[in-house]
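One structure is given here, and the rest of the page talks about it.
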């Protein structure tokens with residue numbers, strides 16, 4: 000489970016924003032977070048930004064679950080977020096609420112059909128080895144070859160052991176370096 004903070008210096012992604020996480024002091028579980036925003040367009044050169052609460056994760060998303068999550072002692076676990084994605088699949092208004100909050104209401108592009116499915120899948124996967132976006136066959140090629148290498152399911156989803164392919168790549172690189180070989184050999 001990974002939490003990513005919004006941007007304090009957005010370029011094309013909405014108002015400046017930050018999150019305050021409420022952490023259980025015993026379990027270190029995330030109990031909630033509140034996202035704050037400020038409208039940088041309304042600032043005079045000498046004015047301090049006014050940070051206003053934008054939403055609470057538990058209040059906003061927990062209220063959309065069945066049954067609703069209202070217990071202040073309930074942690075925002077991976078299971079909680081999975082249930083939120085299930086609610087997004089059943090009721091697209093839950094997804095559109097997320098989509099709007101993602102950019103803090105700024106420059107929303109339409110997301111329908113496969114876009115919704117891909118975004119929900121990406122929220123669930125959150126790791127490139129479980130990527131929901133399937134590249135066109137043959138876009139990967141080895142350095143030594145001029146023709147594309149066909150993509151198998153293992154390239155897209157990793158091995159049965161679900162280990163990171165980066166680990167085996169780094170092992171190959173360090174082995175070659177120890178043997179005195181370069182990538183050009």
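Residue numbers (the working numbering): 0 to 184.
Yeah, the Cβ is synthetic: ideal placement off N, Cα and C, and Gly gets one too.
- When 98, 52 and 116 are compared, the shortest CA-CA separation from residue 38 is found for 52.
- Under DSSP, residue 48 forms no beta bridge with any residue.
- Residue 105 carries a coil assignment under DSSP once its states are collapsed to helix, strand and coil.
- Secondary structure note for residue 60: its alpha helix (DSSP H) is the uninterrupted segment 56-61.
- Residue environment: residue 27 is assigned as exposed (fewer than 16 neighbouring CB atoms within 10 Å of its CB, all protein chains considered).
- When the alpha-carbon of residue 79 is set against those of 100, 90 and 64, the nearest one is in 64.
- In the displayed model, residue 94 falls within a helix according to three-state DSSP.
- Rounded to the nearest whole angstrom, the C-alpha separation of residue 87 and residue 112 is 12 Å.
- DSSP, reduced to helix, strand and coil, places residue 4 outside both helices and strands of the structure shown, so it counts as coil.
- DSSP places residue 33 inside the beta strand (DSSP E), whose first and last residues are 29-37.
- Secondary structure of residue 83 (DSSP, three-state): helix.
- C-alpha of residue 81 to C-alpha of residue 61: approximately 12 Å in a straight line.
- Excluding its 5 nearest sequence neighbours in each direction, residue 94 has C-beta neighbours in its own chain below 6 Å: 87 and 115, listed in chain order.
- Residue 16 sits in a strand when the DSSP states are folded into three classes.
- Taking 8 Å as the cut-off, the beta carbon of residue 8 is found no closer than this to the beta carbon of residue 18.
- Taking a contact as a CB-CB distance under 8 Å, the pair residue 35 and residue 16 counts as one, their CB atoms being some 6 Å apart.
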